[in-house]
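A.B. asks:
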Amino acid sequence: MGITSVWQNELCLALEEIGLEVELQMQDSYTLLLCNKKILLNLLSLDKHYQPSALIALQAEYQAKDMLLLQIWEDIWYARPAQVLGRIRSVLGLNKRLHARKAEIMVINQQQADDFLSLHHLQASARAKYKFALSMEGEIVAVACFSSLRPMKRIAPTYQSAELIRFASLTGYTVTGGFRKLLKHFVQLTCPDDVMSYADRDWSLGNAYAKAGFVLTETTAPAEIWLYKKDFSRYFVHRLPVDVISNAEGYLRIFNTGNLKYILYL
7 MGITSVWQNE
17 LCLALEEIGL
27 EVELQMQDSY
37 TLLLCNKKIL
47 LNLLSLDKHY
57 QPSALIALQA
67 EYQAKDMLLL
77 QIWEDIWYAR
87 PAQVLGRIRS
97 VLGLNKRLHA
107 RKAEIMVINQ
117 QQADDFLSLH
127 HLQASARAKY
137 KFALSMEGEI
147 VAVACFSSLR
157 PMKRIAPTYQ
167 SAELIRFASL
177 TGYTVTGGFR
187 KLLKHFVQLT
197 CPDDVMSYAD
207 RDWSLGNAYA
217 KAGFVLTETT
227 APAEIWLYKK
237 DFSRYFVHRL
247 PVDVISNAEG
257 YLRIFNTGNL
267 KYILYL
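Using the working numbering, the letters of the sequence shown map in sequence onto residues 7 to 272.
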């Protein structure tokens, strides 16, 4: 059995066009693409039904074989193809490298963060209290966004935590040391007791966090997502437009495989 879905074929051709070696592997009801003999892509069509536990088990099966499996949903491919291809190349280690020691840290506003993250982050942008960028020769090459400090009185009366909400580099580039440089700047500026963040299990095992000294503290359950089929907008249940629950026409209920919660204790 080969690829029959239009979108899966488009993705396969796009991978080959950017120079990746692609091998189709069918397993049970899953369509898997082996890229450069290093990572697997599980192509999830919207017209099929999947169980979160089965997708998590499939990822764990390949993780035990020291193989990373990414879950790629049809809507993500259609909505953000450039970011999907960029993420795959990054995971494969095919990015060009820039060195953070040559970059300047700058404070940016929400619009600047939105513009950069919309182009270079799989989940686009998000509101944040603190927004920093690395700039090289006048061009932004990486952006990190953080929350305000949040009191955690259940831990200690003066304990404060912050969240790293987004980090992204220019598509096609890895800014060596960039993540740590922006994180260090935020920590020195605000002095939190910890910084937490989430790794999307569809796309990551959190290796970048572990290398930066973060500790895996929790694996969250898969979350229900409402997909608006006309423009592929995704909504978590608590962020749905108020009128959708009573009139869900045009929406499809799907899910993600949860998140890995990482905390950097300071």
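Each residue gets a CB set at the ideal place from its N, CA and C atoms; glycine is no exception.
Measure the Cβ-Cβ separation of Ala168 and Phe152 and say whether it is below 9 Å.
C.D. replies: Contact flag set, yes.
A.B. asks: So, for Ile45: in the same chain, excluding its five sequence neighbours on each side, which residues have a beta-carbon less than 8 Å away from its beta-carbon?
C.D. replies: Same-chain partners within the cutoff: Met73, Leu74, Leu75, Leu76, Ile94, Val97, Leu98.
A.B. asks: Have a look at Met202, Arg259, Leu176 and flag the residue whose alpha-carbon is nearest the alpha-carbon of Asn231.
C.D. replies: In the sequence under discussion, the amino acid at residue 231 is Ile, which differs from the Asn named in the question. Per the Cα distances, Arg259.
A.B. asks: Do Leu188 and Leu128 have their beta-carbon atoms positioned less than 9 Å apart in this structure?
C.D. replies: No, Cβ-Cβ distance for Leu128 and Leu188 is not below 9 Å.
A.B. asks: Alpha carbon to alpha carbon, how far is Ser203 from Arg103?
C.D. replies: Each residue's alpha carbon lies about 24 Å from the other.
A.B. asks: Decide if Tyr268 is buried, meaning its Cβ has at least 16 other Cβ atoms within 10 Å, or exposed.
C.D. replies: Buried.
A.B. asks: Are Leu52 and Leu246 closer than 9 Å when you measure CB to CB?
C.D. replies: No, they are not a contact pair.
A.B. asks: With H, G and I counted as helix, E and B as strand and the rest as coil, what does DSSP make of Met7?
C.D. replies: With a pLDDT of only 47 at Met7, under 50, the local geometry of the prediction cannot be trusted, and the value read off the model is given with reservation. Coil, per DSSP.
A.B. asks: According to the Cβ coordinates, are His105 and Phe138 closer than 9 Å?
C.D. replies: Taking 9 Å as the Cβ cut-off, His105 and Phe138 do not qualify as a contacting pair.
A.B. asks: Between which two residues does the beta strand (DSSP E) holding Cys41 run?
C.D. replies: It spans 36-41 - the beta strand (DSSP E) in which Cys41 sits, taken as one unbroken run.
A.B. asks: Whole angstroms are fine: how far does the CA of Glu145 sit from the CA of Leu211?
C.D. replies: Cα to Cα, the separation comes out at about 30 Å.
A.B. asks: Would you say Cys41 and Leu50 are within 9 Å of each other, going by their C-beta atoms?
C.D. replies: Not closer than 9 Å, so no.
A.B. asks: Taking DSSP as the reference, what is the three-state secondary structure of Asp200?
C.D. replies: Asp200 falls in the strand class under three-state DSSP.
A.B. asks: Output the boundary residues of the beta strand (DSSP E) element that contains His105.
C.D. replies: Segment 102-105, the beta strand (DSSP E) holding His105.
A.B. asks: Mark Cys18 as exposed unless 16 or more other C-beta atoms lie within 10 angstroms of its C-beta, in which case mark it buried.
C.D. replies: Label assigned to Cys18: buried.
A.B. asks: To the nearest angstrom, how far is the alpha carbon of Glu67 from that of Leu61?
C.D. replies: Answer to the nearest angstrom: the Cα atoms are 10 Å apart.
A.B. asks: What is the DSSP secondary structure of Lys267, counted as helix, strand or coil?
C.D. replies: Lys267 falls in the strand class under three-state DSSP.
A.B. asks: Going by other Cβ atoms of all chains shown within 10 Å of its Cβ, with 16 needed for buried, is Ala162 buried or exposed?
C.D. replies: Burial call: exposed.
A.B. asks: Does Ser175 come within less than 9 Å of chain E when only Cβ atoms are used?
C.D. replies: In the structure shown, chain E does not exist; there is a single protein chain.
A.B. asks: Take the Cβ of Tyr157 as the centre, count every other Cβ of all protein chains shown within 10 Å, and call the residue buried at 16 or more, exposed below.
C.D. replies: Strictly speaking, residue 157 in this sequence is Pro, with Tyr absent from that position. Exposed, by the Cβ-count rule.
A.B. asks: In three-state DSSP terms, what is Tyr316?
C.D. replies: Residue coverage of the chain in this structure runs from 7 to 272, which leaves residue 316 outside it and unanswerable.
A.B. asks: For Ala10, which option in Phe242, Gly178, Met32 has the closest C-alpha, if you only look at C-alpha atoms?
C.D. replies: In the sequence on display, residue 10 carries Thr and not Ala. Comparing Cα positions, the closest option is Met32.
A.B. asks: Over the uninterrupted alpha helix (DSSP H) stretch that includes Phe122, give me the two end residues.
C.D. replies: Segment 116-126, the alpha helix (DSSP H) holding Phe122.
A.B. asks: Does DSSP put Tyr68 in a helix, a strand or coil?
C.D. replies: If DSSP states are grouped into helix, strand and coil, Tyr68 belongs with the helices.
A.B. asks: Please work out which residues of its chain come closer than 8 Å, Cβ to Cβ, to Ile24, disregarding the five sequence neighbours upstream and downstream, and give them in chain order.
C.D. replies: Result list for Ile24: Leu91, Arg95, in chain order.
A.B. asks: What's the C-alpha gap between Met7 and Lys217?
C.D. replies: In this predicted model, Met7 has a pLDDT of only 47, less than 50, meaning its place in the structure is not dependable; the value taken from the coordinates is given anyway. In a straight line, the C-alpha of Met7 is about 40 Å away from that of Lys217.
A.B. asks: From this set, Leu155, Lys159, Ala214, Ala227, which residue's C-alpha is nearest Thr263's C-alpha?
C.D. replies: For Thr263, the nearest C-alpha among the options comes from Ala227.
A.B. asks: Taking only the alpha-carbon atoms, compute the straight-line gap between Lys43 and Val28 and give it to the nearest angstrom.
C.D. replies: Cα to Cα, Lys43 sits roughly 8 Å from Val28.
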